[in-house]
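These notes concern the structure reproduced below.
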Amino acid sequence: ETGVTQSPTHLIKTRGQQVTLRCSSQSGHNTVSWYQQALGQGPQFIFQYYREEENGRGNFPPRFSGLQFPNYSSELNVNALELDDSALYLCASSSGSVNTEAFFGQGTRLTVV
Amino acid sequence: QQQVKQSPQSLIVQKGGISIINCAYENTAFDYFPWYQQFPGKGPALLIAIRPDVSEKKEGRFTISFNKSAKQFSLHIMDSQPGDSATYFCAASINTGNQFYFGTGTSLTVIP
Numbered sequence: 001e002t003g004v005t006q007s008p009t010h011l012i013k014t015r016g017q018q019v020t021l022r023c024s025s026q027s028g029h030n031t032v033s034w035y036q037q038a039l040g041q042g043p044q045f046i047f048q049y050y051r052e053e054e055n056g057r058g059n060f061p062p063r064f065s066g067l068q069f070p071n072y073s074s075e076l077n078v079n080a081l082e083l084d085d086s087a088l089y090l091c092a093s094s095s096g097s098v099n100t101e102a103f104f105g106q107g108t109r110l111t112v113v
Numbered sequence: 114q115q116q117v118k119q120s121p122q123s124l125i126v127q128k129g130g131i132s133i134i135n136c137a138y139e140n141t142a143f144d145y146f147p148w149y150q151q152f153p154g155k156g157p158a159l160l161i162a163i164r165p166d167v168s169e170k171k172e173g174r175f176t177i178s179f180n181k182s183a184k185q186f187s188l189h190i191m192d193s194q195p196g197d198s199a200t201y202f203c204a205a206s207i208n209t210g211n212q213f214y215f216g217t218g219t220s221l222t223v224i225p
C-alpha cells in the first residue's frame, strides 16, 4: 500500500452535475498531482498542488478545479460533467523534492451517464 | 499531441522469456523517466526509473535501457513470470516534479 487514499472508489453522476473527489496524501508529502485515466489510456496530468497553491496545470478546461488543505490532502472538483469525463481519476503524492518518488492512490472510477 | 509514445500496445510472452517495451519522447527537457506497473483496479506503482546521465539501470529482473541521442528508452523484463501480467506505462517528467507525461500503456500477458 502506498499510503495515498482516495474516496470514493466508485461514483456515478448525471451529465451536467458536479462532483468532488478526495485524496489523502502520504504522510510527509506536501505535493499532490491529479491525473485522468480514460479506459485503455495512460494517465493525463490535470494539475498539481504544492503547499496549498496550484503549481502547474495540464490541458484541462477551467471546470476542473482543485484545492489543497493545510494537512496537504486535496480535492478535485469537476463542474458541468460531460460523458467524456468518465474515467479513473488518480492522485499522486510526493515530497516536492527532486529525486523523490510519486505514490499513486487506487483511484476513483467516475461514470457519467 | 502525445509527448511520450509507447509500443507495443499488447505483448504476450512465455514464462521465462524476455518482455521488451519501448518508448520514445520529443521534449529534450525531460530528465526523469519512470516505468509504472498497474494491475486492474489499482493505481500505478513505480517499478524502476532512470535519468539521462546513465544508459542503463538494472533492478532485479527489470532493466531500463536509455538512448539519449535517439530519445528512446525501453523496459526489459527478464525471466518473465505470470505475476508480471499487468499494464506497463512509461512516463517522463522534468525534475521528478510529479507532472508526468505517460505513454499509452502496454498490456503484458505472461503465459505459463
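Each protein sequence line maps, in turn, to chains A and B. The opening residue of the first sequence carries number 1 in the working numbering; numbering runs sequentially from there. The opening residue of the second sequence carries number 114 in the working numbering; numbering runs sequentially from there. The beta-carbon is built from N, C-alpha and C at its ideal position, and this holds for glycine as well.
Where do the ends of the beta strand (DSSP E) carrying residue i lie?
| i | result |
| --- | --- |
| ILE134/B | 132-138 |
| GLU54/A | 53-57 |
| LEU124/B | 123-127 |
| ILE161/B | 158-163 |
| ILE207/B | That residue, ILE207/B, is in no beta strand (DSSP E); it is neither H nor E in DSSP. |
| HIS189/B | 185-190 |
Determine, for residue i, whether the minimum Cβ-Cβ distance to residues of chain B falls below 7 Å.
| i | result |
| --- | --- |
| GLN26/A | no |
| PRO43/A | yes |
| GLN48/A | yes |
| LEU81/A | no |
| LEU90/A | yes |
Of all Cβ atoms in chain A, is any one closer than 7 Å to the Cβ of residue i?
| i | result |
| --- | --- |
| PRO165/B | no |
| PHE215/B | yes |
| LEU159/B | yes |
| LYS171/B | no |
| ASN140/B | no |
| LYS155/B | yes |
| ASN211/B | yes |
Among the candidates the options, whose CA atom is the shortest distance from the CA of residue i?
| i | options | result |
| --- | --- | --- |
| VAL167/B | ILE134/B, LEU160/B and THR176/B | THR176/B |
| THR200/B | PHE179/B, PHE143/B, GLY156/B and ASN208/B | GLY156/B |
| LEU76/B | GLY216/B, LYS128/B, PRO195/B and GLN127/B | Past the edges of chain B, shown from 114 to 225, lies residue 76/B, and the structure says nothing about it. |
| GLY3/A | ALA38/A, SER86/A and ALA102/A | ALA102/A |
| SER193/B | ILE134/B, GLU169/B, PRO165/B and GLY154/B | ILE134/B |
| TYR50/A | ILE125/B, ASN211/B and ASN140/B | ASN211/B |
| GLN41/A | ASN180/B, ALA142/B, GLY218/B and GLN116/B | GLY218/B |
Which whole-angstrom value describes the C-beta separation of residue i and residue j, a residue pair presumed to lie in contact below a C-beta threshold of 8 Å?
| i | j | result |
| --- | --- | --- |
| ALA183/B | TYR138/B | Not confirmed; about 10 Å, so no contact. |
| TYR145/B | ARG174/B | Rounded, the Cβ-Cβ distance is 22 Å, inconsistent with contact. |
| ASN77/A | THR20/A | 5 Å |
| ALA92/A | SER33/A | 5 Å |
| TYR89/A | GLN36/A | 6 Å |
Look up residue i in the DSSP assignment and say whether it is helix, strand or coil.
| i | result |
| --- | --- |
| GLY218/B | coil |
| PRO61/A | coil |
| GLY96/A | coil |
| GLY196/B | helix |
| LEU83/A | helix |
| GLY154/B | coil |
Cβ of residue i versus every heavy atom of the ligand FMN: is any distance shorter than 6 Å?
| i | result |
| --- | --- |
| GLY154/B | Within the structure as shown, the ligand FMN is missing, as the structure has no ligands at all. |
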